[in-house]
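In this text, residue positions in the sequence shown follow the numbering used here: the first is -6, and each later residue adds one.
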Amino acid sequence: MLDRRRFMAGAAAAPLVGTVAAPQARAQGQFATREAALAWLARGGRLREGETFVAGTEVYRWRGGAVWIPDMPNVVPESLPSPQHFGHMPDLRWRQLAEGDLDGANAAVYGPYRDGGSNAINGFLLADRYARLAGLGVCRAVGDFFVRSFIRRRTEDGQDAWPFDFFVERAEDIRVAVFRADVLANLPKDHGYFGSEIAEMVQHEVPPADYRVTLNPGGMGGIVHFNPGAGRFIDITRQFDIKAVWSHSGDLWTNFQTFQTGLNLAASGAAWEGDRIIGQYSYYGSKPSNRGQDGVVAGARTGYYTDTAQPRISGVRLRALVCRAARVRRDENDPYVDSDPSILTAVVGWIDRPVMRVGTFGRTNTPSNMLFLAHWGGRYAPPGGRETLDKTAYAIEETWHPEDLELDVLTPIDGSAHGFEKGWELAAVAGARVGPVTHVGLAHPYWIGVGDLSDAYACVEQRGRVNRKRISVCHQIATGIAPDPARQYYGILCKGSGTSKFETYPGTRIALQRHGTLDVVCEGHTIDTVHGTSEAIRLRQFRGRFDLGDCRIRGAEKAFHVIGGDGAWTARLHDCDGLIHVRNQTGGRLRGPAVGGAQTWSSDPPAPGDLPQQEATIHAQGQIFGTTTRAAARKGATLLAIHPLGNPWHDINAGDRLEITTEEGIGFRLHATGLYVNGAIYVGVTALPRDLPAGAMVTVVQEATLTVVRSAGRALPVRLHATTARIFDAPPEAERRGDADPAAASGCRQRQ
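Encoded structure:
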């Protein structure tokens, strides 16, 4: 159906059109079909100036000399124009292609693509042109139907040329417009997405005298040639690769519909020291198993998933405030918004020593996934050398990782103003420092993870540094954490395992998971109010070290939830009114003034509601489960064939103790050497000390252990619960001997 929500009644008229009058009470002629009206006109039929007639379902007005409708001279649409006025059905559906194919032959195709309907694009172009010049707004089909993706490649003679790939019947049907996102101080109210101010896209049409169009044979694609000096085009680009130091005194608009990055700092030493960047549209990347958004408004990247080696880029700098903007909001009439959720800034691949100082400005009705992402890039080998959209059958060959990142956030990260789901994320980096950040109303303030593949395929030059190199995080403040309770129930996440999109466990279709080794030191966390979730901070299956620093956490059912792994985590607790839940994890250490004083012990888990104010409640919970071997194994073997584990919580982590018992009653102890999820039919172990028959019992013992270091002279009590676990009570003097200053350890204090 035709989308008419953007028509604006009462606007000024354009030349040759005149003011569109209100419909008359009675039309002067009535024709059952448009064809009947055409036949009447061909026989010399005429009306007086301003009189109307009906043809089919549409009303027309007589206007002498009008040439707006090609086969109906002297006639214009009455009131709101429709493609039917111009002889076309209004059932056309168009969408903007990012990549894919038209007919099943995989190829990169960009531009508008007819998604459904019975006719070509011309009726919509003509109806839209009339509506716009008549002051009625924009006539739009559901989806995207007009040319709106531009590229300016300056040639030596100063002429711009834009090649396009989509079908056009006549060169005169092409009209060219540029779009700019105006983010103003006093913005209109939007009662749709956020019910708040928005950033609006404004269309500026390029006069036909400023360009000409040549079509390819058959009309499939062509070139728009811009005449020299035909306006300011530099601020709107398809992709803007910066290979030198640039400065910008005003706003930069970036358009990355068909590329991955709008402003891409694509060379060593490249820099953008600017004011504000407004990103338009988005990019659908060829991510394995899905077509997830991969668009970045501004950043530095050497590649995401590519089939070529990715270079090292060093010394990149970006300083800017960023916003995303769309012309329309998503509603029941228009499922295809012009900007899809994406990322504002990022570094991807081997970007060495990047300095990113970024923030936001304005408000927008177009959500973004996060303000900043640091992510690895990888090289794959397409099967048979042929690219497909789904990369799961590919073999990964090598990965490259951001290294020694400096990230400073210049403004609060506000979810209500920009629709962020997350503040920032580090995925498989080799060292980073993140400055202090204030997060407001986000589902996830930040995530730190080891990446899908961890460091298993890291390039030779980066081996040993990926994930293992220090990540320093200055103080993080978060208010109103609010993830979707149907999908995720934690706010901050440290994930020490990665799920490969390219590999499976032997003999199964289950995606392979790996542990990584992290070294994260935080200055501290202040968290106030957690909505619709049970956890403020989750540490999952990590190895290495994670120091949470000085923590003040209020308004969360669970302040910390630590699950799996043998990593050393620690927190200095100053204030807490929620549960600290340690599950199947062996390396915890809790200290600080909120865990001193009298202690109450229980061997049972805390009952619901048994979380009194001003008391730290700690629950350490382990589990024991088992399986049997499927086949015999020889002495010295490091892989056991087991019957698959079926419980979703029965994952075997690296370091877990395995008690082996044969039918003859012979027993010995092994340890798991990797991460094996439920459903896996093999488990890696330390070397077998003797032959092992099939049918041997394998008991997995996952104890939770936690050391609680009491603060001297403090009166606040702590409630301790232990289920198949151990809690060690350390005396106060251990705190004085072993505690380091979290600010100094994180490298934040001296930088402030």
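Built from N, CA and C at the ideal position, the CB exists for glycine as well.
Looking at Arg565, Asp559 and Gln534, the one whose alpha-carbon comes closest to that of aspartate 540 is Arg565. When DSSP states are grouped into helix, strand and coil, histidine 411 belongs to the helix group. Under DSSP, cysteine 515 forms a beta bridge with Val466.
In this structure, DSSP gives glutamine 77 a helical state, which the three-state scheme calls helix. Rounded to the nearest whole angstrom, the C-alpha separation of arginine 712 and threonine 700 is 14 Å.
For glutamate 28, no beta strand (DSSP E) run applies; the uninterrupted alpha helix (DSSP H) run containing it begins and ends at 27 to 35, by DSSP. In the DSSP annotation of this structure, proline 360 is not part of any beta strand (DSSP E), being labelled neither H nor E.
In this structure, the beta-carbon distance from glutamine 614 to threonine 716 falls below 7 Å. Residues Ala20, Gln21, Gly22, Gln23, Phe24, Ala30, Leu40, Val52, Tyr53 and Trp55 of the same chain have their beta carbon placed closer than 8 Å to that of phenylalanine 46, with the five preceding and five following residues left out of the count. The C-alpha of alanine 436 is placed about 10 Å away from the C-alpha of asparagine 362.
The three-state secondary structure of aspartate 268, taken from DSSP, is strand. Annotated three-state conformation of valine 453 is helix, per DSSP.
Counting every other CB atom within 10 Å of its CB across the protein chains shown gives threonine 254 a total of 16 or more, marking it as buried. When secondary structure is reduced to three states using DSSP, glycine 377 falls in the helix class. In the three-state reduction of the DSSP assignment, valine 588 falls in the helix class, which pools H, G and I. Taking C-beta atoms as the reference points, histidine 524 and alanine 475 count as a pair closer than 7 Å.
For leucine 40, the secondary structure class from DSSP, reduced to helix, strand or coil, is coil. Take the alpha-carbon of threonine 50 and the one of tyrosine 482: they are about 53 Å apart. Out of Asp407, Gly442, Ala689 and His394, the CA that lies nearest to the CA of threonine 357 is found in Asp407. In this structure, the straight-line span from the alpha carbon of alanine 202 to that of valine 68 is close to 26 Å.
DSSP places tyrosine 298 in the strand class (E or B) of the three-state scheme. Taking 7 Å as the cut-off, the Cβ atoms of glycine 370 and threonine 295 count as close. The C-beta separation of valine 422 from glycine 509 comes to about 11 Å, leaving the pair out of contact by the 8 Å criterion.
Looking at the DSSP output, asparagine 209 bridges to nothing.
The count of Cβ pairs closer than 8 Å, one atom from the stretch 669 to 682 and one from the stretch 629 to 639, reaches three, so the stretches are in contact. Within the same chain, Val290, Val315, Ser361 and Leu364 come within 6 Å of leucine 337 by CB-CB distance, once the 5 residues on both sides are set aside. Here arginine 36 is exposed, its C-beta having fewer than 16 other C-beta atoms within 10 Å.
With fewer than 16 other beta carbons inside 10 angstroms of its own, glycine 43 counts as exposed.
Counted as a single uninterrupted DSSP element, the beta strand (DSSP E) harbouring tyrosine 675 occupies residues 675 to 677. Between the stretch 484 to 491 and the stretch 524 to 536, the count of Cβ pairs shorter than 8 Å is three or higher; the stretches touch. Within its own chain, the residues whose Cβ lies closer than 6 Å to the Cβ of alanine 420, once the five positions on either side in sequence are excluded, are His368, Gly442 and Gly444, listed in chain order.
Boundaries cannot be given for tryptophan 61, as no beta strand (DSSP E) includes it and DSSP labels it neither H nor E. Per DSSP, the beta-bridge partners of methionine 349 are Leu311 and Leu400.
In the DSSP assignment, proline 70 forms a beta bridge with Tyr53. The three-state secondary structure of tyrosine 439, taken from DSSP, is strand.
Distance from the CA atom of threonine 698 to the CA atom of arginine 719, rounded to whole angstroms, is 5 Å.
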